[in-house]
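Participant: With the numbering used here, letter number 15 in the sequence shown gets 177, and the count goes up by one each step, no holes.
Don't be surprised by glycine CBs; every beta carbon is placed ideally from N, CA and C.
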Amino acid sequence: MATETKEYSYADVAAHDTKESLYVVIDDKVYDVSQFVDEHPGGEEVMLDVAGQDGTEAFEDVGHSDEAREILSKYLIGNLKRSATDPKPVTTPRSTASTSTDSSSGGLPSFVYAILAAAVAAGGYYYMQLQQQQASA
Ligand code: HEM
163 MATETKEYSY
173 ADVAAHDTKE
183 SLYVVIDDKV
193 YDVSQFVDEH
203 PGGEEVMLDV
213 AGQDGTEAFE
223 DVGHSDEARE
233 ILSKYLIGNL
243 KRSATDPKPV
253 TTPRSTASTS
263 TDSSSGGLPS
273 FVYAILAAAV
283 AAGGYYYMQL
293 QQQQASA
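(1) With residue 171 as the anchor, note down where its beta strand (DSSP E) starts and where it stops.
(2) I need the DSSP call for residue 240, collapsed to helix, strand or coil.
(3) Rounded to the nearest angstrom, what separates residue 176 and residue 185 at their Cα positions?
(4) What does the alpha-carbon distance come out to for the pair residue 170 and residue 272?
(5) Measuring only from the beta carbon, is residue 172 closer than 7 Å to any heavy atom that is part of the ligand HEM?
(6) What residues are listed by DSSP as bridge partners for residue 212?
(7) Any heavy atom of the ligand HEM within a distance shorter than 7 Å of the CB on residue 159?
(8) What first and last residue would you give for the alpha helix (DSSP H) that runs through residue 194?
(9) So, for residue 209: in the same chain, excluding its five sequence neighbours on each side, which residues have a beta-carbon less than 7 Å away from its beta-carbon?
(10) Between which residues of its own chain and residue 221 is the CB-CB distance below 7 Å, once the five residues before and five after are set aside?
(11) In whole angstroms, what separates the C-alpha of residue 134 from that of residue 283?
(12) Taking residue 218 as part of the alpha helix (DSSP H), name the residues at either end of that continuous run.
(13) Taking C-beta to C-beta, are residue 242 and residue 172 nearer than 8 Å?
(14) Pull up the distance between the alpha-carbon of residue 261 and that of residue 285, whole angstroms please.
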């Protein structure tokens with residue numbers, strides 16, 4: 163019968179991590195998405211990020227449509243044979259908006275410094291005017 167599914171180890175999958183031969187694991191199933199990488203509406207970059215790895219989380223995080231899942235099913239080539247030494251699934255590095263840039267914390271916004279500088283300059287100018295007035299009086 164043709165129902166026999168091929169088993170891939172994590173190392174088998176990891177060998178296919180290029181655009182030309184791109185395997186990805188989603189829900190313990192192995193997909194050869196080499197033909198799809200160019201057409202991916204989300205771009206090839208994100209696909210390459212999970213190439214040869216477990217992209218389950220990355221794939222689910224995006225909230226792909228049923229159509230996307232249908233497309234994916236066309237590229238199924240087998241099941242993943244897990245072993246204890248397998249690396250953890252890749253987490254999405256860029257799809258989560260929560261990783262905010264916290265660079266401004268600890269410092270005042272730059273406009274505060276601008277106002278301070280202007281105030282000091284104005285104060286200095288006023289002081290000089292005062293001195294001049296006193297000198298000429
Ligand atoms: C591996 C098989 C994958 C398939 C078959 C696939 C398929 C698709 C499809 C059909 C869409 C269009 C929208 C939709 O129908 O949901 C889409 C959009 C998108 N995909 Fe994937 N995808 C895959 C993997 C990934 C991975 C690993 C990421 C990583 C984050 C990703 C990120 C995105 C993003 C960000 C969009 C939205 C693009 C936009 O609307 O501008 N995809 N994908």
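Facilitator: Once the coordinates are examined:
(1) Reading the sequence shown from its first residue, position 9 is the one you call residue 171. Run containing residue 171: 168 to 171, per the beta strand (DSSP E) assignment.
(2) Residue 240 sits at position 78 when you count from the first residue of the sequence shown. If DSSP states are grouped into helix, strand and coil, residue 240 belongs with the strands.
(3) In the sequence shown, counting from the first residue as 1, residue 176 sits at position 14. In the sequence shown, counting from the first residue as 1, residue 185 sits at position 23. Residue 176 and residue 185: Cα-Cα distance of roughly 8 Å.
(4) In the sequence shown, residue 170 corresponds to position 8, counting from 1. In the sequence shown, residue 272 corresponds to position 110, counting from 1. Computed Cα separation, rounded: 55 Å.
(5) Taking the sequence shown and counting its residues from 1, the one referred to as residue 172 is at position 10. Every heavy atom of the ligand HEM is 7 Å or more from the Cβ of residue 172, so no.
(6) As a position in the sequence shown, residue 212 is number 50, starting the count at 1. Answer is none; residue 212 lacks a bridge partner.
(7) Past the boundaries of the shown model lies residue 159; the chain is included only from 163 to 299, so the question cannot be answered.
(8) The residue labelled residue 194 in the question sits at position 32 within the sequence shown. Careful: residue 194 lies outside any alpha helix (DSSP H), inside the beta strand (DSSP E) at 191 to 194.
(9) As a first step, residue 209 must be located in the sequence shown, where it is residue number 47. Once the five neighbours on either side are set aside, the close Cβ partners of residue 209 are 184, 195, 199 and 202.
(10) Locating residue 221 in the sequence shown gives position 59, counting from the first residue. Excluding positions up to five away in sequence, the list reads 188.
(11) The displayed coordinates of the chain run from 163 to 299. Any statement about residue 134 would go beyond what the structure contains.
(12) The count along the sequence shown starts at 1 and reaches residue 218 at position 56. Per DSSP, residue 218 belongs to the alpha helix (DSSP H) from 218 to 223.
(13) Walking along the sequence shown from the start, residue 242 turns up at place 80. Walking along the sequence shown from the start, residue 172 turns up at place 10. Yes.
(14) Numbered from its first residue, the sequence shown carries residue 261 at position 99. Numbered from its first residue, the sequence shown carries residue 285 at position 123. Since pLDDT at residue 261 reaches only 45, below the 50 mark, its modelled position is unreliable, and the value read off the structure follows with that caveat. Distance between the alpha carbons of residue 261 and residue 285 is about 42 Å.
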